[in-house]
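Asks: Here the protein sequences line up with chains G and L, keeping their order.
Take 7 as the starting number for the first sequence in our numbering and just add one per residue.
Take 7 as the starting number for the second sequence in our numbering and just add one per residue.
Protein chains: 2
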Amino acid sequence: MTISTIEWEGDENGSIKLVEQTILPGELKYINCGDTKSIWDAIKRLGVRGAPAIGIAAGMGAYLGAREIKTDSSAEFLDKFDEALKYIGSSRPTAVNLFNSLDRMKKVADQSKDKSVSEIKTSLFNEALKIHTEDKECCRNIGKHGATLIKDGMGVLTHCNAGGLATADYGTALAVMFSANEQGKNIKVFADETRPLLQGARLTTWELMQAGIDVTLICDNMAGHVMKLGKIDCVVVGADRIASNGDAANKIGTYSVSILAKEHNIPFYIAAPKSTFDFEIQTGEQIPIEERGSEEVTEGFGKRTAPNDVKVFNPAFDVTPAANIAAIITERGVIHNPNTENIKAMLID
Amino acid sequence: MTISTIEWEGDENGSIKLVEQTILPGELKYINCGDTKSIWDAIKRLGVRGAPAIGIAAGMGAYLGAREIKTDSSAEFLDKFDEALKYIGSSRPTAVNLFNSLDRMKKVADQSKDKSVSEIKTSLFNEALKIHTEDKECCRNIGKHGATLIKDGMGVLTHCNAGGLATADYGTALAVMFSANEQGKNIKVFADETRPLLQGARLTTWELMQAGIDVTLICDNMAGHVMKLGKIDCVVVGADRIASNGDAANKIGTYSVSILAKEHNIPFYIAAPKSTFDFEIQTGEQIPIEERGSEEVTEGFGKRTAPNDVKVFNPAFDVTPAANIAAIITERGVIHNPNTENIKAMLID
C-alpha cells in the first residue's frame, strides 16, 4: 500500500488532499478540501471514511475552521472556534475518533488562549499534522501486535474496510493482514462485500490485491456457509467506537458475523487504536446508531432494485458485545477476552 | 395476489406463459415459451424461479419436449423423451421439484407405452396441467397450516422469495403471511434483500405490498441487528430441497439467518410442500450446492462494483441443519422439531 488516503498539501495556507473513496476501485481520484464546508461534505457522504481517517480529516477540518475565523480577538476567536468544532462534529455523529480529534484541537486552542489569534492558528495547524503522524505510527503497531495472532495458511474473514484507506497509512484490521503477509505468512482472506455501500467489494479487495494477498469476495450472507466449509480460522474487523467494557460498534453486519463466528468456534478479533475507545460510556447500549437514507438500499447500484415507496430500515452500524470478541488488537498490544478491567489495564496510563 | 406466475396458454398446441421475474418490480412483463430451448433458458437464467414454479415449468417443459419429437414409433418416442427430460433437468440441478416433475412425466410416458404417440402426448399434456393445479391447492394448505404459528402483532423475518411468484399461486413462506393477513392478524414483515440477485428486494417486498402487508426492506447483514432490537418473533423461509432428516437447502444466507435466530431464541420455520423433500438422501451433506457466475456479485446491477479480476465465491444455496429448524410447514400439517421419524410420519403414506 503506497496510496496515501489523506495528506495536508502545502503550508498553513494549503488544503486537505483526499482519495475520493466513493468511486474506488473504478477510478483513483484525489480531491482537495480547502474549507470546512467541503471537508464536512466529504465526511458526510463517505468520500473519506474509516474511523481513523475521519479523525485525521476532523483535525485538519478543525484547522480549516480556525483559519476561516476573521478576528484579532482571541476571546472571540475561541467562541467562533467552538462553533466550527460543533459543525465538523455534525458530519458523522457515530465516529468517536472524530470527537477525539475535535477535543484535542479544542484543548490546544484553550491552552493557547493568551496567545495571538495567529499563534493559536499555528498551534492548531501543528496539532492537526501531529494527529496524522501519530496515526501512521499507530497503524504499524496494530499490525505488528495483530500479526502474532495469524498463523501461516490461515483463512481470515473481514467485513467492511478497515484498511489503509480508512486510516493515514496501513489500516487497522488490514494492518494485521499486511504485517502477517510481510512476515511471509500465506493467508487467504474472504472479504464480505458489505452492503449497502460495498466497502468490502470496492475497497478491501482492492487494497489486498495491491499488496498481493489472496482475497476472495463474497456476499455478506455467504459468511456462515464459508465458515461451515472450514475456510475461516479467524475474523478480523475494525471498529468505529468501543465502550469501556469492550462492546464495539462497527459497520452494520459485524454483530451478525460475530454470532456466526461463535457458532463455528472461530475467534473474532477487533483491531482498533486506543482513540476508538470511548471511556465516557460503560456499554455498547449507550452508542447511538446512525440511520442512513433508504436510497442506499433501494438504489445502491445506480438502478432502482426495489418497489417505489417500499419501507426501508438502514442502520449504518451495529454493536458487537464484548462477550463475542476473543481479543481487541490495539497499538499497545492485544487485549484478550476484553472487559472493563483488562481494557483499562492496557490503555489507561 | 392475483398475478399468475405461470400458466399454460391454449390447447395442446399452446405455450407456457410466464412472468419474467428478472425485471420485476420495475416492469411486469409476460414471456411465452413454446419450445424446450426457451423454457430451459428461462429456468437457467431465473426468469422463472422458486422451487414449485420450477417444478411446474419443468412439467410443462417436458410436455414441450414430447411435442417436439417427430416419430410414430412409441419405442423411439420414449427413448427421445428420456433425452428431453435430461435436457430439462440440466437447467437447475439443485431443484428437487424439477426432478420430481420430470419423474412424474416419465412415469406417465412409461405407463402409456402401449398407446400411440399421439395418445402419449395427450397424457403428458394432462399430467403437466395436473402438476400445476395440485400446486395451487398445496400452497393454500401450507398457508392455512402455517398461519396457526403466527399471532397478531408478530414481527416476521423472511429471506429470498418464496411467494406467489415462486409457485403457481400463493407461495410457501409468503402463503403463511398471506393467510395470517386474511385472518385479520396484523404482522410486520422484514424482508432480507437477498444478494446477489435481490429476490427479497425485488419480489418479496412487491408481493407483500400488493397484499397490503406491512413490509420493511433490509440488507442481509442487518438481520442480526434487527433481531437484537426485538423486532422479530419468528423467521419463515422456503426451501429448495429437504433431506430425509430435515436438513434444508435454501437460498444462500438462509443458514446464517438460522444461526442468528437460534442466538436470539427466535423460532425458525421452513414452509415447503412435500415435493421439496428428497427421501433419496439422508442428510443435507448429500445436497449438491450450485455455484454461479462471479458477475452476479461483481456486476449485479449493470455496474462493476469490485476490482477487475477479483476472485469471487458465489454459492447459490446453503444447507440449514434440522437442529436449527423449529418446524417445517407442509400442505399436510406442521412438523415440529423435524427429524427422519416425524417427517416420515407426516409425509409418507
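In this text, a Cβ means the ideal position worked out from N, Cα and C, and glycines have one as well.
Here the structure is a predicted model, which means the values were calculated and not measured.
With DSSP as the reference, label L/Cys-144 as helix, strand or coil.
Replies: The count along the second sequence starts at 1 and reaches residue 144 of chain L at position 138. It is helical.
Asks: On the three-state DSSP scale, how would you describe G/Gly-20?
Replies: Within the first sequence, numbered from 1, the residue matching residue 20 of chain G stands at position 14. G/Gly-20: coil per DSSP, three-state reduction.
Asks: I want to see whether chain G comes within less than 7 Å of L/Asp-284, judged by CB atoms only; does it?
Replies: To locate residue 284 of chain L, count along the second sequence from 1; it is residue 278. By this cut-off, L/Asp-284 is not an interface position.
Asks: For the alpha helix (DSSP H) containing L/Pro-60, name the first residue and the last one.
Replies: Residue 60 of chain L sits at position 54 when you count from the first residue of the second sequence. Correcting the residue type first, residue 60 of chain L is Ile in the shown sequence and not Pro. Following the DSSP letters along the chain, one finds L/Ile-60 inside the alpha helix (DSSP H) bounded by residues 57-74.
Asks: Taking the CB atoms as reference points, tell me whether G/Asn-103 and G/Ser-281 lie closer together than 7 Å.
Replies: The residue labelled residue 103 of chain G in the question sits at position 97 within the first sequence. The residue labelled residue 281 of chain G in the question sits at position 275 within the first sequence. G/Asn-103 is a Cβ neighbour of G/Ser-281, given a cutoff of 7 Å.
Asks: Please work out which residues of its chain come closer than 6 Å, Cβ to Cβ, to G/Ala-179, disregarding the five sequence neighbours upstream and downstream, and give them in chain order.
Replies: Numbered from 1 along the first sequence, position 173 holds the residue referred to as residue 179 of chain G. Here the set comprises Thr-164, Ala-168, Val-242, Val-243, Gly-244 and Ala-277.
Asks: Going along chain G, which residues have a C-beta under 8 Å from L/Cys-225?
Replies: By one-based count along the second sequence, residue 225 of chain L stands at place 219. Within chain G, the residues near L/Cys-225 are Arg-201, Pro-202, Asp-226, Ile-258, Gly-259, Val-303 and Asn-320.
Asks: Would you mind stating whether L/Gln-42 and L/Gly-71 have Cβ atoms separated by less than 7 Å?
Replies: The residue you call residue 42 of chain L lines up with position 36 of the second sequence. The residue you call residue 71 of chain L lines up with position 65 of the second sequence. The identity of residue 42 of chain L in the sequence shown is Thr, whereas the question assumes Gln. Their beta carbons are under 7 Å apart, which means L/Thr-42 touches L/Gly-71 by this criterion.
Asks: From what residue to what residue does the alpha helix (DSSP H) around L/Glu-15 run?
Replies: As a first step, residue 15 of chain L must be located in the second sequence, where it is residue number 9. Not the alpha helix (DSSP H): L/Glu-15 falls in the beta strand (DSSP E), residues 12-15.
Asks: Which of the three DSSP states, helix, strand or coil, is assigned to G/Thr-8?
Replies: Start at 1 with the first residue of the first sequence, and residue 8 of chain G comes out as number 2. Reliability of the predicted coordinates at G/Thr-8 is poor, the pLDDT of 47 falling under 50, and the value obtained from them is presented with this limitation in mind. If DSSP states are grouped into helix, strand and coil, G/Thr-8 belongs with coil.
Asks: Pair every Cβ in the segment 336-348 of chain G with every Cβ in the segment 92-109 of chain L, then say whether three or more of these pairs are closer than 8 Å.
Replies: no
Asks: Report yes or no: do the segment 188-200 of chain G and the segment 183-197 of chain L share at least 3 C-beta pairs separated by less than 8 Å?
Replies: Contact between the segment 188-200 of chain G and the segment 183-197 of chain L is absent, because fewer than three Cβ pairs lie under 8 Å.
Asks: Excluding the 5 residues preceding and the 5 following L/Pro-2 in the sequence, name in chain order all residues of the same chain whose CB lies nearer than 6 Å to its CB.
Replies: There is no way to answer for residue 2 of chain L, as the model of chain L reaches only from 7 to 355.
Asks: Given that a residue counts as buried once 16 or more other Cβ atoms are within 10 Å of its Cβ, and exposed if not, what is G/Glu-337?
Replies: Position 331 of the first sequence, counting from 1, holds the residue named residue 337 of chain G. The residue is buried, with at least 16 neighbouring Cβ atoms inside 10 Å.
Asks: Quick one: Cα of L/Ala-197 to Cα of G/Ser-250, how far?
Replies: Reading the second sequence from its first residue, position 191 is the one you call residue 197 of chain L. Reading the first sequence from its first residue, position 244 is the one you call residue 250 of chain G. So the alpha carbons of these two residues sit roughly 34 Å apart.
Asks: Mind reading off the beta-carbon distance from L/Met-233 to G/Pro-321? Whole number of angstroms is fine, and I expect it under 8 Å.
Replies: Against the second sequence, residue 233 of chain L aligns to sequence position 227. Against the first sequence, residue 321 of chain G aligns to sequence position 315. The Cβ separation is near 13 Å, so there is no contact.
Asks: Reducing DSSP to helix, strand and coil, say where G/Tyr-176 ends up.
Replies: If you number the first sequence from 1, residue 176 of chain G lands on position 170. Correct three-state label for G/Tyr-176: coil.
Asks: Does any C-beta atom of chain G lie closer than 7 Å to the C-beta of L/His-342?
Replies: On the second sequence, residue 342 of chain L is found 336 positions in, with the first residue counted as 1. Chain G, which has no Cβ nearer than 7 Å to the Cβ of L/His-342, makes this no.
Asks: In chain order, what residues of the segment 17-49 of chain L put their CB closer than 7 Å to some CB of chain G?
Replies: Only Pro-31 and Gly-32 from the segment 17-49 of chain L bring a Cβ to less than 7 Å from some Cβ of chain G.
Asks: Would you list the residues sitting across from L/Asn-256 in a DSSP beta bridge?
Replies: Start at 1 with the first residue of the second sequence, and residue 256 of chain L comes out as number 250. Partner(s): L/Asp-324.
Asks: Find the nearest neighbour of L/Gln-216 within the set L/Leu-171, L/Cys-225, L/Phe-285 and L/Ile-45, judged by alpha-carbon distance.
Replies: Start at 1 with the first residue of the second sequence, and residue 216 of chain L comes out as number 210. Comparing Cα positions, the closest option is L/Leu-171.
Asks: When burial is assigned at 16 or more other CB atoms within 10 Å of the CB, is G/Leu-353 buried or exposed?
Replies: Position 347 of the first sequence holds residue 353 of chain G. G/Leu-353 comes out buried.
Asks: For L/Thr-211, is the classification buried or exposed, using 16 other Cβ atoms within 10 angstroms of its Cβ as the cut-off for buried?
Replies: Walking along the second sequence from the start, residue 211 of chain L turns up at place 205. With 16 or more neighbouring CB atoms inside 10 Å of its own CB, L/Thr-211 falls in the buried class.
Asks: Does the segment 133-151 of chain L come within contact of the segment 103-118 of chain L, defined as at least 3 CB pairs closer than 8 Å?
Replies: yes
Asks: Out of curiosity, what's the CA-to-CA distance linking L/Gly-308 and G/Ile-94?
Replies: Here residue 308 of chain L refers to the residue found at position 302 of the second sequence. Here residue 94 of chain G refers to the residue found at position 88 of the first sequence. Near 36 Å, if we compare the C-alpha coordinates of G/Ile-94 and L/Gly-308.
Asks: Taking the alpha helix (DSSP H) that L/Arg-110 falls in, what are its first and last residues?
Replies: Here residue 110 of chain L corresponds to residue number 104 of the second sequence, with the count starting at 1. Counting along the chain, the alpha helix (DSSP H) containing L/Arg-110 begins and ends at 102-117.
Asks: Hey, out of L/Leu-52, L/Gly-56 and L/Tyr-275, whose CA is closest to L/Val-162's CA?
Replies: Taking the first residue of the second sequence as 1, we reach residue 162 of chain L at position 156. It is L/Tyr-275 whose Cα lies nearest to the Cα of L/Val-162.
Asks: Do the CB positions of G/Thr-173 and G/Ala-312 come within less than 7 Å of each other?
Replies: Reading the first sequence from its first residue, position 167 is the one you call residue 173 of chain G. Reading the first sequence from its first residue, position 306 is the one you call residue 312 of chain G. No. Outside cutoff.
Asks: Can you list the residues of chain C that L/Phe-307 reaches, using a CB-CB cut of under 9 Å?
Replies: Given the protein chain composition of this structure (G and L), no chain C is represented.
Asks: Among the candidates L/Lys-317, L/Asp-239, L/Gln-288 and L/Ser-129, whose CA atom is the shortest distance from the CA of G/Pro-194?
Replies: Looking up residue 194 of chain G in the first sequence gives position 188. Here residue 194 of chain G turns out to be Lys, not Pro, going by the sequence shown. Of L/Lys-317, L/Asp-239, L/Gln-288 and L/Ser-129, the residue nearest in Cα terms is L/Lys-317.
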